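Residue numbers (the numbering used here): 816 to 1101. Below: one structure, written as structure tokens.
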């Protein structure tokens, strides 16, 4: 993940050249906001800076890191700035909930730029009260998160149905894999309820990934699917919180969308698997 993240930063820096910004501003549909040069400059600086730092020249906090305690605790002690720019490959969901509370307490607008994946898309983004979506954003949910036990069990057991004993063991917490999966579900449900966001924000993406994964010729672990979130979905569930939204990366079918294309296998318009996971499941030979 670390190498992938670094490669992404190099790619995204190229998106922010003035000529590219001007061209995309002309092509963006009217429902998107025009690029903001000051925001572009701050985002570019952040994508070139690893870790959690203050970009004094841009009056911005840059959170360019995974979501773990050592990183997000730095956020609580930084001085107030104009904005918090977040680019992250994700991290632990429970930890992300604590980071979300810190962001609530700070009250600065949140700018999503570059990769906002896994816990970033599932927890941090729907927890923000004032959202800016930069055109460099790639927002993706990690895993078929809301899959129930019967589907989860059958997915890993070639379609077999769980027995009463299997259900009992899972309910008592003796199925470690499902206990971890269910813990993630519980955190998601609790977080969205606490942030007054409809649970369908995550349910619909999870259901879409499950349907598209079932239709594909080869299956990987439920946690290894990724589902892109588009502008329509954000507007539907977070519209009142979105201050500024540019035309960002939303589908494999859109011209010019090359982020992650060389290291992923798209199985539908917005659902994909990283090539390494696809090959580990022997799907590449199908």
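Glycine is no exception: its CB is placed at the ideal position from the N, C-alpha and C atoms. Predicted model only: the values in this text are computed from it and were never measured.
{"Check": "Member of 915, 1051 and 953 whose CA lies at the smallest distance from the CA of residue 887", "Outcome": "915"}
{"Check": "Pick from 1036, 953 and 927 that is closest to residue 1076, judged by C-alpha positions", "Outcome": "953"}
{"Check": "Buried versus exposed, by CB contacts within 10 Å (16 or more), residue 983", "Outcome": "exposed"}
{"Check": "DSSP beta-bridge partners of residue 866", "Outcome": "879"}
{"Check": "When 1033, 1000, 1062 and 893 are compared against residue 912, the one with the closest alpha-carbon", "Outcome": "1000"}
{"Check": "Best match in 972, 963, 1007 and 973 for proximity to residue 986 [C-alpha to C-alpha]", "Outcome": "963"}
{"Check": "Collapsed DSSP secondary structure at residue 940 in the structure displayed", "Outcome": "helix"}
{"Check": "Beta-carbon gap between residue 876 and residue 899 smaller than 8 Å", "Outcome": "yes"}
{"Check": "Classification of residue 941 by the beta-carbon crowding that lies within 10 angstroms, buried from 16 upward", "Outcome": "buried"}
{"Check": "Euclidean distance between Cα positions of residue 1025 and residue 1085", "Outcome": "12 Å"}
{"Check": "Backbone CA spacing between residue 1080 and residue 1035 [nearest angstrom]", "Outcome": "12 Å"}
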